[in-house]
Each structure stands twice: as structure tokens, then as C-alpha cells.
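Protein chains in written order, with the numbering used here: chain A, 1 to 291; chain B, 1001 to 1764; chain C, 2001 to 2160. For glycine and all other residues, C-beta sits at the position ideal for the given N, C-alpha and C. The model shown is predicted, which means the values in this text are computed figures rather than measured ones.
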Amino acid sequence: MKAAPFAYDAPTTPEEAVGVLAEHGDAAKVLAGGQSLLPMLALRLAVFDRLVDVGRIGALQGIERRGDALWIGAGTTDAAVERSAEVASAAPLVARATPLIGHLQIRNRGTLGGSIAHADPAAEYPAVALALDASMDVLGPGGRRTVAAADFFTGLWSTVVEPDELLVGVSFPVWSGRCGFAVEEFARRHGDFAIAGAVVAVELGGDDGVRRCAVGLIGMGSTPLRAPTAEKAATGAAVGGVDADEIGRLAAADAVGVPSDLHGTAGYRRRVCAAVVTRAWTKAVEEARRG
Amino acid sequence: MPRVEDARLLTGRGTYVDDVLVPGVLHACFVRSPFARAAVRGVEVGEAQAVPGVRAVLTAADLNPGVREQWHTSIGPQGPETARPPLAEGEVRFVGDPVALVVAESRHLAEDAADLVDVDYEPLPAVIDYTTAEQADALVHEAHGSNLIGTIAIPASDRLTETFASAAHVASETIRQQGYAAVPMEARGIVVVPDPATGDLTIYAATQAPHEWRLFCSRLLGIPEHRIRVVMRDTGGGFGQKVLVQREDMCIMLAAPHLGVPVKWVEDRRENLMAAGKSREEQADVRMAFDEDGTILAADIDFVSDCGAYPTPWPVMTAAAVGALFPGPYRVPAATFATRSVYTNTVGRTAYRGPWQFETLAREVLLDIAARDMGIDPVDLRRRNLLRHDELPFSNPNGMAYDNVSPLETLEQAVEMLGYEAFRAQQAAARVEGRYLGVGVSTYVEPSTPGYGAYATEAATIRIEPSGKVNVYIAGGSTGNSIETTVVQLTADALGVPIEDVATIQGDTAVTGFGAGAAGSRSGSMTAGAVRDTAAILRERIRAIVAHKLEAAAEDVELADGRASVRGTPSAGLTLAEVAGLAYFDPYGLPPGVPAGLEASARYTAEARSIWVNATHLCTCEVDVATGAVRLLRYIVSEDCGPMINPNVVEGQIAGGAVQGIGGVLYEHLAYDDAGNPVTTTFMDYLLPTATEVPVIEYGHIETPSPGPGGYKGVGEGGAIGAPPAVVNAVADALSPFGVRITSLPLSPFEVVALLDPSVREPA
Amino acid sequence: MDEIVVEVRVNGAPRRAQVEPRLTLADFLRERCRLTGTHLGCEHGVCGACTVLLDGAAVRSCLVLAVQAQGREVTTVEGLATDGGLTDVQQAFRDCHGLQCGFCTPGFVVTVTAMLADDPAPDDTAVREALSGNLCRCTGYQGILAAVRSVVDERAKEAS
């Protein structure tokens, strides 16, 4: 299973990369970790004339606290995110999603930016970015722009990033105060894409009222999803009065365009979604209450 | 003892077929049909041939006429068989059917060129559903005249009909197993090297049966057998898929001499999942009649098997084995069976570890359903009906004569290892908390070591070299079953020499005598017989030489630790090196009648048609009713394979088979859509169990020797036979409060939830 | 397509070759370096038989292009034992019957070597999760898990 031939560039700056992309348009494709792209090329499910390897661009690497956000360079590997104490403290949801990504060999090559730009609705990072209202830094021939996560994912494996643009970094807002975070996934085997998953962030006031919360859904649509009805039901309520099962049910009902495939129907996925949201909510709330 | 294979395999110095270095070798890639059934109107190869580095693009017209005769030794030249054109000729019959062969300087170039081959297909109506194939208008093989390959059935006697009609309880279900496959970690592969000067062929292959491949190739090409050499060094798993030459292998055997160059084909994973063959796709209406105490009165199975378009080999006898073995190790007084094998426009059926294992799946699942319906504990129901040691030999009602097995004993051992009563109490407590634990057992009996046809004999050559070191030559065919190690052990024991002094040469038809290969769980017993008979010749010769030299009686000479000593006088002895020195360098000093040298060959013939093996598998699980996830807790196997040549090897074989069986129930599915497109052709979709899904496997051993050499029995296939029903029964037991009946596999989490809440099947 | 010159250190030795960009690191090692211990079980990044160390990190060499390894350090199964013997990981696989056909074995041995370098004292769950990216069809993982446990225990004993 060998890929069709392609040309190869290894630029060392983001601007250089964008230049190559602008020149070749659709015929060129960004190569980051390659853990999603290279299998597709090997299976000849996709063909590109040219791969632009962004793995040598230092400016895409890094994990930095910038004010009340945590910036992670698009080229930062999942493994680097997994090891980072900074991520663990400033963006626990990102840290806790990471060990669920595939397997250690995948995480040693796969990148945070690659996962978000590839936008698989069953992947972890897109749902975390959406849940935390992250913002994506995109560089194009016309310059830089920042896109809010809510506007970033446009459909199955598609985002607003144009063929001549490059995702440069992602800023995750830092939640402070009495917070709790949890990621719960259900997959056929450890490391498989989730059949349904939930990422939950919750912040409590001193009075145990839910100040704010975010519920992100994995694998429940053609993009990562939020669960607005579930979030609305919990926000402002006394946390002890929030029924975790109800949050799960509401979140599952929020999902639109739920897939049906070999692993199960949409109805089955809603049932699993409700269960994982309930579990994630319960864990997140437990953590927040301890804070 | 550490395996002799391990040092090279652990350091990456094995030689698998893709590792073989042949100067000038060209690489092959098949163009394959994207349709389940289509007429082939034309194949345009011009654009593909023009790619630089492409040597040839071959079609049926180029290759197929080269076939002289093709038949597998086990079937014979007159046996019924599916016509198998090497490349598809005029019609493609499954998605993946090879239509053209590209040969190029690299696999990369071959794949590039394959994309440029333009085949003009005219799609035809395809037969996909095997349960309705016999009624379909379309024919998979026009010339066969029907989609029924064959049927073997015993008509039900009036008495049997009456028994079922009047029994206190009849359990009756349709049990269905999904298609899954062997999926060895190394896919198929072959390198064919023609010698242009002599017309001889050397073939390197990933095969379980090098001699069978040599014979097949010799007939295929009309080249005398002794001019063909088949070499199998290391092969990465087979499980039945690599026993017989398949169509792609035939194509390479034809292509290399046709082009006059060495040609290598290494199958990739997508091809392997699409075209190497499928197994297990089958169902049956099964019935058992019981009296009011749960004593079995009769058993009946009406079985149909999906054999795809090109089953290899002809599958009708394996289907009949399902019928004949269905009564299992139970005291069943009356039975009948009907079995049908049908063609469909899907990949052909090939052998996979315990190819008839459906009989155990269906029987053991039915027994548990019957037990629950009758209000009898499933273990108790088995206790009442399993054969006891003192009842053997026992002929089952279909003529299968079991002996030297211990079905009830293995059940009791497994149940004791679990602590069955304690588990039931644990289960009850968990239910109160809303957690669902379950326990399932399965007991089976299996015919190993087939004693008929080409399988009935096995030869060894042992050479004690002039320095006293030992080489043992045996046909081989190990794709992981450790027969290098076990043959070395057997030889060292038989000659009384240290293991380090013995080496083995296997898998090369130029230097080993004919052997049918590693199949049918035959290697343990057959190699033991071959080594025993060969070593006996040498032991006698050594004793005679030593007795003559030391003026002792031959029967007083003992062999141990590389020495031949006179009993009672340990200082009176010779090392094996000294004996060899006499045998090779002082022939005139040997006793009269004793030949020079220390080399011997013998061919052992199996005494029995089968050597029966048995085991009980027991599994506990927890089911998450929200998601349908099944988590296996404990897994216990009580097995009786007789005395063990190497306990590690035995347990390893059981473990591998059991995990394949677990995979078959919970994860693996070789699936097709309604149009006959395979939808699980990568490891993203065809799910194998990983280290996170498997339980720790616990073993109990019971030793009932067989009448064969050493008392050994075959153990290679049992895990894949016993495991699936143990898992199914555990899940069914866990969900018994919900009144579900499990009769259809796989048990994916979705299917488990659908049993609890059928509304999830609705599309909306 | 134009070929690219790539320079990689493989098992401590410098290698230089002209390669098509599409050549995977796995094929480069097997074909250009004649190191056939790294096996191809799927070529789409699931089975782990092709696992090698890239700058010390375990990666699927079928999902790395040879050109991506430019200037880097690759260790294959052939390069683990430096004195012609077996490493403790390899020895443990042997002692615990952690291999049968051996096809998946190099991938497991490399993965285990890297995994224990990162985490010398994994519990059973951590071991299983770390191995979940390597498929074995022969052993049912029993001997493999026993081998890893035995290495962990032995190293702990030696450390204390």
C-alpha cells in the first residue's frame, strides 16, 4: 500500500509555508504529524501533488501562557502536550483529553494543530477547543487572522482554513476559580475514535452555584458540538440541584446530524452520549466542589 | 526451555518472505475488481505498460493458458472443486477478484501502473445474501448451474421426529455467526525464482505446507516435482489461511517463468482483508430435545455456510463436520444433521483455526438457552449430560467415535478454579447494585491429527554428525507454533543428548521429506512419531556399536547427557562424539550387520483417524448496559491435550486461539454492504483485540494420554473453538434479568444495547 | 518526482540515500538499509509492527516519510542490543514466551523499550494502555504482558 508520488517541501518559517501553499493551491497539502494524512495517502484515498512539511518550523512549536490564555503552537506534538506541566495546570481539559488520543506512537508524531485542522468530529482536540471557546491563529497570504472556535469548524473534515492558509497556533482561555474538568469517551477499544465522547468544564461560585459550564460532544455530528440546552439548564443553578442524568439527556438531544455506521445507529449514539456526558459532568462537578 | 526460534526473531533477524533478497527480483501488484459481479468486456493495459519501470501487465489471456492442472492434494484430481482461473476470465465474482497483474521494478511503480489499467466492467446482479442464495436468479458460477455447492444430510428418522414431538422440553433457535478471518500479522506472500538455464524453480513462500505448494506448483506448470524447491523460513502467522495455494499464488507461479524473471508478491493488509479469504459466515437452525430432568434426548442441526465465490478448498466436507460433531462431548442418543454450502459473490471461504467450530458455538449457546428456559443452572445441565471417563469410547449418533477425552473432568476443574458458587453470590449482590455480571462455559471435543490421506504420515531424518552433534530434518511449516523447539526437545530426549547439541532444519523441500504441513493440529503428535521412529533406529545402532566396543550387552547400554554408558558401570561408556567417530571413521571395526554412519530416516504413520482433544472454557464478564460494553473479568481454560511436550507452547497456543475467539465475538467482523462491497478492509474498521481488551487467561491441565506417540494430542485450534460460546454465554448470563436471548453475532456494544432496547435499531 | 538526498543516523551509523519523497521510513530501513527487522503489518498506522525509535521516541515508521527523518537518529530492533546479546526486554520476552511467529515482536520490543524509559514503574493498566498500539495475533498478549511485568520487577529489584 504505497502512496502515489508527490513533491515535498520543508519550509522553516510559516510565511515560507504559506508561500508554497499559495503557489500550488488545492494540489498542495500541509503535512504536520502525518498520522491522519499518511494513511490516507497510503490507501490512495487522497492524492496531492505536493506535501508541505511544517515539522521544521520552529515558530509553530511551543506552549506559552499569554495573559489569561494558554497558547499552544500548531506544530506541538500531542506527546509534548501530554508531558507539559503548564498545560496540566492552565488547561486541564486539554491535558486530560490527550492520553485518549490513539496510542503513544501516534502521540509522538501527531500535533495539536494537525488534529484541529483535520477536524475529525470523533477526535478529542476539536471538541476541547470548541468547549473552551478557543481561538485559532491562521496565517494566509493576506496576513494573520484569528478565528473563534465556534466559527472554525464548518463540516465533516472541513474548517475555515483555506488551501493557501496555515493554522499557526491555538489559544485556550484559562479558567480560574473553583473549576472542574473531565473527559469521558466510549470507544470500541482503547485508543479508537470515540463512538461518543464528552468534554465538560464547570466553574462554581462560592455558593456552589454553577457560574458557567461548557459541554462539548465528540463523535455526535459532522463537527464537534456544544450542548447549549444542557449548558443552559445547569448555568445559574445550584450545583447540588442539577441532575447529572438530565444533563446527559439534554446534551444527547442537542446533537444534530448524529452519524449511523457499522458501530451503531444515531439512536444508539445518543444513548451512549447521555451516559458519557453524565459521567463527565459528575466527575467535573466533584473536582470543582473540592476546589 | 527458551525457544530456539527466539534469538533471531527478537533481534529482527528472522527471514520472512518479504525479507528474502533475490537479485533482479521484480514486484507484483494485482488490479482487482471493484464490483461484486461484472462481466469483463476488455482490459486496456497500454497506459500502464508505458510507465517507466513496468516490465509487464498480464491478463487472463497471458497467464491462464499456462495452467496444466490445478488441484490440491487433499481433494485429488477427480475431486469436486470450484473452477479457479488464476486471473479472472470474462467475469469477476467478488470485490477484490484479481483481474490483471502488474510486474514492475518496485511495488510503488507497480501500484502506480495498476491505477492506470483500464478495465471495462459491465456490472451484473450479484448474489450477496447467502441465506437466499439458492433461490437467487443470478448464478455465481454459471457452469455449476446452481449456487448450492453441495449438501450432506442425514434424513431424520421417524423415531427422531417422534422424540422431538413428545419431549418434555425442546430448545429451538437459529444461531448465526458473522464472517471473520484469520488475519495473520504477516499477510500472504511469495517469491518465484525461475532458473532460465534449467527451468527449475525456487519458491520462497509464506506457507504452512511447503511440500504441498511444491506438488501443486509442479502440477500447475507441468514441471517435475524434483525440479521445484519451496523454502519457508519464517512466516508471520497462518491459522489456516496459508495452507493451500490460492489464486494470487498461482498467478505468480505462472508469471515468473512466463517472464523469465524472479517475481515477488507481498500482499498488503487491504488485500488481505479483502481477498485472502473469509471464514465463520454461517448459520443454523438447531434443536435439542430434553426430558423433564434436562437429560438430552436428541439433537438436530440444519446448517448453511457462506462460501463466497472461490472457496479453497472445496468446503462441503468441512460443513459436514459441523453436522457430525454437533452433539459434542455429550451423551446424546439420537441426532441428525443437514448441511449446505453455498456460493455468493463475496471473497471465498478459507480454513481458519477450527473451521468447523460453529458446531460448538451453536450447541453451547443452545444449551445455555435451554438451561435458562428449564430453570436449570447451565453448569448443572452440562453435568447431567457430559460424557464421563468410564463411558469411553463413545460413538456419537453421527458415527464420531470419541476416546481418551475428559469432558466432565474439564468442566469440574474449570468450575472449581472459578469458585462457581462464590461467583453466583457475587453476581447476585452486583445485580442489587444495578451491575450486571455473568458467567459462561463451553465444553467441546475436537478431532486433531487427521490420520488419512496426505496427513497420515510424517517423516524425519536425523543425522548425528561426525562430531556427535545432531541435526534433525523435518518438513515443518511452522508459522509460530514452535515446532523448531519441540522437535529439538523431542530429539534431544530420544537420543539422550543435551538440547544445545541439537539443531533442526525445516521448511525446505530440498532437504526434508514430504510432510503435509502445520495444519489440523497435527504437528505435535506427528513430529513426535517421526522423531521417535527415526531415533529408535539410531539408538539401536549406537547401543550395538557401544556394546561391541565395550564388550557389553546392547540392552545394558543407556543414552543420557550425550553419553552411551553401560548400566551399572558408569565409567564404561563413550561420548556420542566417540561413537560417531567409530561409525564414520572406523567402519571396518563396527559390529557385523551394523551400517556405517549415524544417519537415519523414518516415516511415521498415524494409527488412528483422529486424536480427540477436549477442553472447557469458562469466562466471567461485566456488561455496561448503558453502552453495551462487555468487559471480560476472568478467563479459565481447563484443557486436556494429554502430556505436554512443552507447557509454555501449549498455553501459548490456547491463549492465541482464545483471544481470536474473543475477537470473533466482540470485535471482528468481515462485513459487506448490500451491494457486496467489503466495508472492513483496513485495521481501522476490522478490529482486533489489543492488550487492553484481553483478560488474564488461567489454565488447568488434565492429562489423558492419546494412543499416539508420547500420548500427545493436538492443541493448536482448540482456543478458537472453545472461546466464542463461553463469551456469548457469559454475556447472556449477565443480561438474563432482562430476558434477552443471544443467538446472533457479533456482540458489538451496539448489538448488546439493541438486545436490551430494540428501538435503537430504528434509523431516525 | 525529484528525489531528495536524506542523511539519517540508523543504529548509530550514518546513512545517506537518494529517495523519493513518498518513501516511508519503514521502506527506507528495510530496502535501503537492509534492516528487515522492522515489519510491515498494515502500512496504515494501526498494527505497530513497524515501530522504531526516532530521536528516542517510539513512532510508526510507516507513518513517517524517510525525508522527515533527515538529520535525526533512528533506532531499530537490530540496534537495541549493542553487544550482540539480548537486552533485558528481549530476554524477558524469551523467558515469558512472549512471541510465537515473531512478526509483531520487533514492534513490541521497541515500544516496550521506549515505554519503560518514559515510565519505569507502570501499573498493569498503564502497561496495557501503552501496548494497545501494537497488535499480536499469536500470543493473546499473555506472554507479552508477563514479559513487561518481569522487566519492571527486575529493574526495580536492581535499583533498590
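Between B/A1658 and B/H1617, the gap from beta carbon to beta carbon is short of 8 Å.
Its Cα nearest to that of A/A42, the residue B/D1112 stands out among B/L1254, B/A1370, B/A1734 and B/D1112.
Our two residues, C/A2156 and C/A2121, have alpha carbons roughly 8 Å apart in a direct line.
DSSP places B/E1044 in the uninterrupted beta strand (DSSP E) bounded by A1038 to E1044. Interface criterion not met: the Cβ of B/F1514 is under 8 Å from no Cβ in chain A.
Residue pairing from DSSP places B/W1265 in a beta bridge opposite B/I1190. In this structure, B/Q1049 lies away from B/V1043, with their beta-carbon atoms at least 8 Å apart. Taking 4 residues as the shortest admissible run, the region 1073-1126 of chain B contains the following complete alpha helix (DSSP H) segments, listed from N- to C-terminal end: 1107-1114. In chain order, H2097, G2098, L2099 and Q2100 place their CB closer than 8 Å to the CB of C/T2139, counting only its own chain and leaving out the 5 sequence neighbours on each side. Under DSSP, the beta-bridge partners assigned to A/G216 are A/V199 and A/R226. Taking the C-beta atoms as reference points, B/V1379 is found nearer than 8 Å to B/V1441. Each residue's CA atom was taken as its position, placing B/R1383 and B/V1439 some 16 Å apart. Among the CB atoms of chain B, one or more fall inside 8 Å of the CB of A/L262. The C-beta of C/L2145 has 16 or more other C-beta atoms within 10 Å across all chains shown, which makes the residue buried.
Around the beta carbon of B/E1484, 16 or more other beta carbons sit within 10 angstroms, so the residue counts as buried. B/A1460 and B/F1337 do not touch by the CB rule: their CB atoms are close to 39 Å apart, not below 8 Å.
Taking each of A/G25, A/V20, A/E16 and A/P5 in turn and checking the Cα distance to A/E162, the smallest one comes out for A/G25. For B/H1027, no Cβ of chain A is located within less than 8 Å of the residue's own Cβ. In the pairwise beta carbon analysis, the region 1011-1025 of chain B is classified as not touching the region 216-225 of chain A: fewer than three pairs are separated by under 8 Å. Within the DSSP secondary-structure output, B/D1300 pairs in a beta bridge with B/R1287 and B/T1336. Closer than 8 Å to the CB of C/I2144 there is not a single CB belonging to chain A. Residue contact with chain B for C/P2106: present (Cβ-Cβ distance below 8 Å to some residue of chain B). Separation of A/R211 and B/D1624 (C-alpha to C-alpha, rounded to the nearest whole angstrom) is 33 Å. If you draw a straight line from the Cα of A/A123 to the Cα of B/R1093, it comes to about 38 Å. Fewer than three Cβ pairs drawn from the region 2121-2136 of chain C and the region 1019-1029 of chain B lie within less than 8 Å of each other, which leaves the two stretches out of contact.
Around A/H190, the beta-carbon contacts reaching into chain C at under 8 Å are R2128, E2129 and S2132. Residue-level contact by beta carbon fails for B/A1289 and chain C, as no gap is shorter than 8 Å.
Flagged as an interface residue toward chain A: C/H2044, by a C-beta distance shorter than 8 Å.
The Cβ of B/R1176 sits no closer than 8 Å to any Cβ of chain A. Between the beta-carbon of B/F1326 and that of B/A1335 there is about 7 Å, and that keeps the pair under the 8 Å contact cut. Under the rule that a run must span 3 or more residues, the beta strand (DSSP E) segments found entirely inside the region 1441-1500 of chain B read 1457-1464 and 1470-1474.
In the three-state reduction of the DSSP assignment, B/I1376 falls in the coil class, being assigned neither a helical nor a strand state.
Under the Cβ criterion of 8 Å, B/T1346 is not counted among the residues facing chain A. Taking a contact as a CB-CB distance under 8 Å, the pair A/V174 and A/A74 does not count as one, their CB atoms being some 19 Å apart.
For the set C/G2037, C/L2054 and C/L2063, the Cα lying nearest the Cα of C/G2102 is the one of C/G2037. Within the same chain, Cβ atoms closer than 8 Å to the Cβ of B/A1168 are found at F1290, D1291 and E1292, the five residues on either side in sequence being excluded.
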